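The structure under discussion appears below in the form of structure tokens.
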Amino acid sequence: MKILKHTVSLLIVLALFISCNDDNGNDPNPPSATAPETQNVLVGESLDLTFSISVDAGYESASVSAANGEASISSEPESGATSGDIVVSYTGNTTGAGSVELTVTDVDGLTAKATAVINVGEEQKEFTITENITEDTTWEDGKTYILGGRIIVEPDVTLTIEGGAVVKGEAGSGSNATTLLVARDATLNANGTAQAPIIFTSVADEITPEDVDNGNFGSPNLDETQNGLWGGVIVLGNAPISYSDDGNDQTEAQIEGIPTSETLALYGGNDPSDSSGSLTYVTIRHGGTNIGQGNEINGLSLGGVGNGTTIENIEIVANQDDGVEWFGGTVNVSNVLVWNNGDDALDTDQDWQGTVDNVVTMSPDGSSMELDGPEGSSATVSGNAHTIMNVSAYVETNGSELIDVDDNTNVNISNVVFFGLATDDSGNADNMFSSDYSEYADNTKGYTITSIDAVLPSGTALADYFPQSLVDDGEVEEVADAQSGTGADTSVFGWTWASQAGALSNVGL
Amino acid sequence: MKLAKYISLILIFGFAHMVYGQSQVGTIRGKVIDASSGEPLIGVNVLVVGTSDGASTDVDGTFSLKVPEGTYSLRLSYVSYQNKKIEGIEVKAGDITVLDNIALSTATAKMEEVVVTAGAVRNSEAAMLTMKRTSPQMLDGISSEKFDKIGVSDAAQALKKVTGVSVEGGKYVYVRGLGDRYTNTMLNSVEIPSLDPNRNSLQVDIFPSNLIENMVINKTASAELPADFTGGIVNIETIDFPERPIFDISTSFTYNPQMHFNSNYLTYEGSDTDFLGFDNGARELPNEAKGESIPSPLSGTSDNSVYEFVNSFNPTLGPKQKTNNMDYSLGLTLGDQYKVGDDKALGYIVSGKYSNKTKYYNNYVYGEWQNALNAENFDLVRSTTQNGTVAENNVFLGGLAGIAYKAGQSKFKLTGMHLQNGESRSANFLVDNSESAPGQSGYIGESYNLEYSERSITNFLLNGTHYFDNANWEIDWRLSPTFSTMNDPDLRKTTYTIKSNGDYTFNAGAGGFPSRTWRYMDEVNLVGRVNISGDYELFDNPATVKFGGSHVYKQRDYDILSYTASFFGNQFDWQGNPSEILIDDHIYGNGGTIYYQSGNPDPNPNAYNSNSSNTAVYVSNQFSLIPNVRTNIGLRVENYVLRHTGRDISYAQGATEAGINFDDEKVLDAFDFFPSANVIYNITDRMNLRFSYSKTIARPSFKEMSFAQILDPISNRIFNGGLYPIGSWDGNLHETRINNFDLRFESFLSGNQLISVSGFYKTFDDPIELVRLRASATSSEFQPRNVGNGEVYGAEFEFRKSFNFLSESLTNFGFSTNVTLVKSLIDMTDEEYNARKNREKEGQDIDDQRQMAGQAPYIINAGLTYDNADLNMDAGLFYNLKGETLVLVGGGTYPDVYSEPFHNLKFNLNKAFGPRNQYSLSVNVSNILNDRREEFYDGYNTVDKIYEAYSPARTYSVGFKYSF
């Protein structure tokens, strides 16, 4: 019995010894690798996948292969390490179930594989913007940016918007209105092209960057008269304005439509050549939401914008208030089309001193032009005029006056053709040129309105619509149709929604 | 009908209790006071001469004796006081004979007993007057004894008779012409919030005079009073133990020929319970509108759900014409006291009041005017004028009940009060905006406004007073919660813009779109207070030490939600009648285009939650070191913390980085010492010289200390919370600290006659004013801000004299006047000074100081009175005038706004009839001169222009009271 006992003990000890020997690795284990859990990525986006590995024999190398994307190893353990992490960088390129297969090889040439699963989703094409723009930012072609509130490009920051980008404002009225506001000393470079304009519209508009790519610039679902669905675009600068109030040296004011509590909405200064950037081939639609009695947001509001700024090829459609309004400043603007807006098409205030050249206005509810002069103290008034030239104005309804000027309006206007003039039920003239024209004409500074053409409804005469003095001076002439008069060169508006919708040709332009 | 049921129940109860009160014996009740201080004397021995019947005075200095019908004498004795015998006291079975103000003088040596008649006691000076004459604090007041004589029906009417007090609109108390910010109101010594959140002080016309024990107005601070008043603090103390059973019903009718029975009066369909002062839910915000996203063509919901959502709003947007009634009111008051055992008594009071008033103003004008641009153009430039009609219906329903119990050395009081007020307003204005003013585009509009404001206050007070050590020590504690709400449900504003060809439209840049707003406010106030006072001797003279503490916690929730009707496509052919707008065919989802847009980001920047807690401790000592000079020196310490939860618009719209968000953030945290010293020098017994110094504070309100932006739908003016940093203003709104100095000479002549002259001087450290924001040309915006330091100095002259010096027959005729002249100066901020300088006119010299906003430069009160106690009649002709007061601070483009002096001439007559004077009649004529209320823009060297103007017109009212 004793012998048996000893033998068994010996065998047990031996067995233990053998098993220990095994562990000590004369014959090492193959490597192993563990994949991370399933992750998500969008097309075009990258993410890091961390595999943990165990390599008894010592780490030698690893390789990856990927599905629905590209993968590369961005970090690995040192050669000979027995454990560690391998980080694989994966960039999705195709939607669907993607994967990364990692193969680990040890010094003995043994391998282990592990597969990480990645769901590759659609590329993010829509971004909701809720914070002010506080660092240089680009809004890209092919993408949609939703304005979640009053978004301000803050001073010393540049927002670049690429042609083909679509910007949509969320709904809201009053203090809840959404706007893109470019503060003084900030820069907006929104440079579209005739093939890829930049569209500002409402979230209710189903237009996509793909539509723009395909050359369809009109809204697929919204009517060209639907207005007031969001705020508008406001650009502010440091050029002089004539609104001077708080202190002798300050020449600044709060832009209309934004409560005074927002101090980045001040505009005006002493730099006539100030630049707020550049806006070309920009179309702004369905804006002008209600703020409150006597308070408004225009399609494009330009407050104290300097002539270092480029603004050309602008379309405003269905803004509930004015199309383009200048509050002082010196900026020059060319090629503007304003269609179906709720109030005046062009509106000038506070001693704007620039030129707007080549304009089409169609069917404003208010005046085609509502023009005011300086309103600041005499110290800030320039004594210069602003200039409006080459305008084709389709009137359609009696909203207000054709050109609303008053005694201190500092404007020179030339080459305007009015057509589609309204008549009342008895066929009489139903538009008025300007009730204060004679006060304006009495100005001693030499401001004039010249070269007006008009297509008259049958049975009416020039003097029914225009001041007798202009008629007598031969400054107003009757023309047969809009094309044969002076007015805008409409060939530059081929890119607009109005042109694509046939609205220009419908009125004979 | 339910109301009628309740009224009849109360009446039955009232009669029952009258019958119960009848018996074969009568009662003598009286109150014994210290002749030198007016304080009640406790433990005075009162004996019915010739019997063994007697009593001793209780903690209120009162006693009550039941005796068979007959004529009696009483003997009063008290240690170290001179004995007094009162003769000829007639007692009738079942009736109560009241002997108030039995004054006992301290006995300096062995003195003979004083013998007086009951009639002499009745005509003696009231305790209140004694206190006023002898207290080191400058206080004034009026007590219940006086009410019977002058026949007033509510607290507001009574306060008008008090010097230096003016009552505005028949409701709000102002002291020394200082604005509402500097006056405070308390009920039973605890602060009560105003029914109007824009005001600091409570409207006082809601308290019927027969429930008021007394009202005291302190014009100088002392340590036991809250530190947040500067002009004056009014305390209304309700009766706890009525001397006689009270069962009064009263009614009054007021007729204004220009306003009442007017077929042009405007109203609109409200709720069935509007006549009770509250809305029963008819104006409630539709449930779905409360959500983050409301159904709209842009929200992705079905067309039908947009249609149903729009339909869930009340389609009424305009008023209708209906003939109105004259004003009327009904009141009921009950009260009595019972003996419970030997030295215990139980008292109760119950009161209810209902009033229904309408006002109709045609030719109501609002104006916005600006300074012309050029220095040589003096005329103000018109920006917007609004001219139209405002009609109001104001319903008030209030009740107060109190029960009091005294036993031995303790007294307890519990009162409950509920006030309910509903005001419905309809207005129609023609809006004329002129394009010639800077920033204006010019339009003509026609606006319709429908408003409803519903306010309520519920207050409870539990009070205990305990006396120790032979009544030398007194502990008084009070606990008082108040719950108030103010809701403005469904304020509707619809403004048509009228095109040049006369067509109606809605234009976002002109008259705007139809909009509606809901405002909600809830406030809870909790007050706890303990006062301890002890009488002792200091340098062989009586002295009083007082100390105690209080804690006041307030919490307010505020929320504004607004919605704008918009068109998803074309508008319709409008005829200019608002009932045409929200018809079925016009609504989106049913073939129309109208939908509602939300003006409310989530979280809402126009909502806030604030709370404040004020912990105070104080100690004061009243003593006399020099003969005839008494001094009260005290120190109060208050630790005030205001916390605010709210956010600005950027944050609310999602800008969590650029926006400002306060989450229960401390926006005020101040620990202040408020020293006070009041000295009185008795030149003679009836002639005093007084001096006082105190430091006080004025704190910004919850609303001022917020990010709220509140649009007044009628005037279209916007209030901005003080927390917004705008321009040179850093958003750091804080308290105003005030130093007050007063000097006064007064001479009390016989009866109620008086001459006094006072001078006062106050310095204001960073006073808060409502400032016009100058950067915005298109909207009228205002913000409360701390402006430069200010000072106020003034003189007061008071004179009250009977014409008996002319002839004995004129004894009943009197003349009273008090005149306050005030000069106030504020240092302008650089911003304001520069703005003014920038628009300086030729020949104008802009100073860097100006009048303080809200401070009247002079106040004149004058009255001719006739007072005949034998006929139970008094009458008076009263005149009140407040000088041109700076209401809104302008500067630059905007001229200052001043209030035009209003010549207020009133007549009133009160007469009691009947064997027990149980019938009383009062006749009032107010605004006899038919003056117009005006606030105007002050032009330099040119015609002033109206900021706001309306005619209250002349009113006639008749009141009738019957006491059972």
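Same order as they appear, the protein sequences are chains X and C.
Just so you know, this note's numbering puts the end of the first sequence at 587, numbered straight through with nothing missing.
Just so you know, this note's numbering puts the end of the second sequence at 967, numbered straight through with nothing missing.
Every residue gets a Cβ at the ideal spot worked out from N, C-alpha and C, and that includes glycine.
Given the structure is predicted, the values throughout are model-derived calculations rather than measurements.
> Closest Cβ-Cβ distance between X:ASN373 and chain C: below 8 Å?
Replying inline: Taking the first residue of the first sequence as 1, we reach residue 373 of chain X at position 295. Chain C, which has a Cβ nearer than 8 Å to the Cβ of X:ASN373, makes this yes.
>> Please list the terminal residues of the continuous alpha helix (DSSP H) segment that includes X:SER351.
In response: In the first sequence, counting from the first residue as 1, residue 351 of chain X sits at position 273. Counting along the chain, X:SER351 falls outside any alpha helix (DSSP H), and DSSP gives it neither H nor E.
> Between X:ASN584 and chain C, is there a C-beta pair that is closer than 8 Å?
Replying inline: What you label residue 584 of chain X is simply residue 506 of the first sequence in a count that begins at 1. Output row for X:ASN584: interface = no.
>> Since C:ASN254 and C:PHE963 should fall inside the 8 Å C-beta cutoff, what is the C-beta to C-beta distance between them, to a whole number of angstroms?
In response: The residue given as residue 254 of chain C occupies position 251 in the second sequence. The residue given as residue 963 of chain C occupies position 960 in the second sequence. Residue 254 of chain C is actually Thr in this sequence, not Asn. Indeed they touch by this definition, with Cβ atoms about 6 Å apart.
> Between C:ALA110 and C:PHE694, what straight-line distance do the alpha-carbon atoms span, to the nearest angstrom?
Replying inline: For the purposes of this step, residue 110 of chain C is identified with residue 107 of the second sequence, where counting begins at 1. For the purposes of this step, residue 694 of chain C is identified with residue 691 of the second sequence, where counting begins at 1. Spanning the two alpha carbons is a distance of roughly 30 Å.
>> If you follow the beta strand (DSSP E) that X:ASP514 is in, where does it begin and where does it stop?
In response: Locating residue 514 of chain X in the first sequence gives position 436, counting from the first residue. Here X:ASP514 belongs to no beta strand (DSSP E), and DSSP marks it neither H nor E.
> When you compare each of C:GLY793, C:TYR175, C:SER805 and C:VAL219 to C:LEU757 by their alpha carbons, which one comes out closest?
Replying inline: Here the question's residue 757 of chain C lines up with position 754 in the second sequence. That would be C:SER805, whose Cα lies nearest to the Cα of C:LEU757.
> Applying a beta-carbon distance threshold of less than 9 Å, which residues of chain C neighbour X:ARG588?
Replying inline: Lying before the first or after the last residue shown, residue 588 of chain X is absent from chain X, which here runs from 79 to 587.
> So is X:PRO337 in contact with chain C if we call contact Cβ pairs under 8 Å?
Replying inline: Locating residue 337 of chain X in the first sequence gives position 259, counting from the first residue. Yes - at least one Cβ of chain C is within 8 Å of the one on X:PRO337.
>> Please state whether the Cβ-Cβ distance between C:LYS948 and C:TRP372 is less than 8 Å.
In response: In the second sequence, counting from the first residue as 1, residue 948 of chain C sits at position 945. In the second sequence, counting from the first residue as 1, residue 372 of chain C sits at position 369. Yes.
>> Am I right that C:PRO492 and C:LEU320 are in contact with their C-beta atoms under 8 Å? What's the rounded C-beta distance?
In response: Residue 492 of chain C sits at position 489 when you count from the first residue of the second sequence. Residue 320 of chain C sits at position 317 when you count from the first residue of the second sequence. Wrong, their Cβ atoms sit about 15 Å apart, outside the cutoff.
> Mind listing which residues of the stretch 274 to 285 of chain X have their C-beta closer than 8 Å to chain C's C-betas, in chain order?
Replying inline: SER280, VAL281 and ALA282
> Using Cβ-Cβ distances below 7 Å, what residues of the stretch 703 to 727 of chain C are close to chain X?
Replying inline: GLN712, LEU714, ASN719, ASN723 and TYR727
> How many Å lie between C:GLY797 and C:LYS885 at the Cα?
Replying inline: On the second sequence, position 794 is the one that residue 797 of chain C refers to. On the second sequence, position 882 is the one that residue 885 of chain C refers to. Computed Cα separation, rounded: 14 Å.
> For C:TYR364, which residues from the same chain have a beta carbon less than 6 Å from its beta carbon, with the 5 sequence-adjacent residues on both sides left out?
Replying inline: As a working note, residue 364 of chain C is residue 361 in the second sequence. Cβ neighbours of C:TYR364 beyond the five flanking positions: VAL393 and TYR953.
> For C:HIS421, which residues from the same chain have a beta carbon less than 6 Å from its beta carbon, with the 5 sequence-adjacent residues on both sides left out?
Replying inline: As a working note, residue 421 of chain C is residue 418 in the second sequence. Closer than 6 Å at the Cβ level, and outside the excluded window around C:HIS421, lie GLY402 and THR461.
> Is it the case that the Cβ atoms of C:SER601 and X:GLY381 are separated by a distance below 8 Å?
Replying inline: Here residue 601 of chain C corresponds to residue number 598 of the second sequence, with the count starting at 1. Here residue 381 of chain X corresponds to residue number 303 of the first sequence, with the count starting at 1. No, these two residues do not count as a Cβ contact at 8 Å.
> Looking at the unbroken alpha helix (DSSP H) that takes in C:GLN160, where does it start and where does it end?
Replying inline: Your numbering for residue 160 of chain C matches position 157 in the second sequence. Note, C:GLN160: alpha helix (DSSP H), 158 to 162.
>> Let's test the definition: count the other Cβ atoms within 10 Å of the Cβ of X:LEU127 and tell me whether it reaches 16, buried, or not, exposed.
In response: What you label residue 127 of chain X is simply residue 49 of the first sequence in a count that begins at 1. It is buried - the Cβ of X:LEU127 has at least 16 other Cβ atoms within 10 Å.
> Between the C-alpha atoms of C:THR618 and C:SER697, what's the straight-line distance to the nearest angstrom?
Replying inline: To locate residue 618 of chain C, count along the second sequence from 1; it is residue 615. To locate residue 697 of chain C, count along the second sequence from 1; it is residue 694. Those two C-alpha atoms are separated by around 19 Å.
>> Closest to C:ASN534 by C-alpha separation, out of C:VAL548, C:GLU526 and C:ASN397, would be which residue?
In response: For the purposes of this step, residue 534 of chain C is taken as the residue at position 531 of the second sequence. Closest option to C:ASN534, Cα to Cα, is C:VAL548.
>> To the nearest angstrom, how far is the alpha carbon of C:SER146 from that of C:MET218?
In response: Counting from one through the second sequence, the residue named residue 146 of chain C turns up at place 143. Counting from one through the second sequence, the residue named residue 218 of chain C turns up at place 215. Distance between the alpha carbons of C:SER146 and C:MET218 is about 6 Å.
> With which residues is C:ASP543 paired in a DSSP beta bridge?
Replying inline: For the purposes of this step, residue 543 of chain C is taken as residue 540 along the second sequence, with counting starting at 1. None, per the DSSP bridge assignment.
> Tell me which same chain residues have a C-beta within less than 6 Å of the C-beta of C:TYR451, skipping the five on either side of it?
Replying inline: Locating residue 451 of chain C in the second sequence gives position 448, where the first residue counts as 1. Within the same chain, C:TYR451 has close Cβ partners GLY321, ASN431, THR497 and PRO581.
> Considering only C-alpha positions, which residue in the set X:LEU480, X:GLY565, X:SER504 and X:THR501 is nearest to X:MET510?
Replying inline: As a working mapping, residue 510 of chain X is identified with position 432 in the first sequence. Selected option, being the one with the closest Cα: X:LEU480.
>> Between the alpha carbons of X:ASP429 and X:ASN267, how many angstroms are there, rounded?
In response: Start at 1 with the first residue of the first sequence, and residue 429 of chain X comes out as number 351. Start at 1 with the first residue of the first sequence, and residue 267 of chain X comes out as number 189. The alpha-carbon atoms of X:ASP429 and X:ASN267 are separated by roughly 25 Å.
> Which one of C:ASP768, C:SER782, C:GLU794 and C:LEU752 has the shortest CA to CA distance from C:ARG136?
Replying inline: Taking the second sequence and counting its residues from 1, the one referred to as residue 136 of chain C is at position 133. Per the Cα distances, C:LEU752.
>> Using C-beta distances below 8 Å, list every residue in its chain close to C:SER308, excluding the 5 sequence neighbours before and after it, in chain order.
In response: Position 305 of the second sequence, counted from the first residue, corresponds to residue 308 of chain C. Answer for C:SER308: PRO298 and GLY592, listed in chain order.
> In whole angstroms, what separates the C-alpha of C:PHE550 from that of C:HIS469?
Replying inline: Start at 1 with the first residue of the second sequence, and residue 550 of chain C comes out as number 547. Start at 1 with the first residue of the second sequence, and residue 469 of chain C comes out as number 466. If you take the alpha carbons of C:PHE550 and C:HIS469, they lie about 15 Å apart.
>> Would X:THR465 and X:ASN493 qualify as a contact pair, given that the criterion is a beta-carbon distance under 8 Å?
In response: In the first sequence, the residue the question calls residue 465 of chain X occupies position 387. In the first sequence, the residue the question calls residue 493 of chain X occupies position 415. Their beta carbons are not under 8 Å apart, which means X:THR465 does not touch X:ASN493 by this criterion.
> With distances taken from CA atoms, which of C:ALA410, C:THR766, C:ILE686 and C:VAL170 is nearest C:PRO630?
Replying inline: By 1-based counting over the second sequence, the position of residue 630 of chain C is 627. Of C:ALA410, C:THR766, C:ILE686 and C:VAL170, the residue nearest in Cα terms is C:ILE686.
>> Judging by CA-CA distance, which residue of X:PRO233, X:GLY147 and X:VAL195 is the nearest neighbour of X:GLY315?
In response: Here residue 315 of chain X refers to the residue found at position 237 when the first sequence is read from its first residue. Looking at the Cα atoms, X:PRO233 is the closest of the given residues.
> Which term fits X:SER583, buried or exposed, when burial requires 16 or more other beta carbons within 10 angstroms of its beta carbon?
Replying inline: On the first sequence, position 505 is the one that residue 583 of chain X refers to. So X:SER583 counts as exposed.
> Just checking my contact of C:ARG179 with C:ASN203 at CB under 8 Å: how many whole Å lie between their CB atoms?
Replying inline: The residue given as residue 179 of chain C occupies position 176 in the second sequence. The residue given as residue 203 of chain C occupies position 200 in the second sequence. Actually they do not touch by this definition, with Cβ atoms about 15 Å apart.
> What residue ranges within the stretch 201 to 255 of chain X form continuous beta strand (DSSP E) runs of no fewer than 3 residues, ordered along the chain?
Replying inline: 204 to 207, 215 to 217, 222 to 225, 228 to 231, 236 to 240 and 244 to 247
> Is C:PHE415 helix, strand or coil by DSSP?
Replying inline: Your numbering for residue 415 of chain C matches position 412 in the second sequence. Three-state result, C:PHE415: strand.
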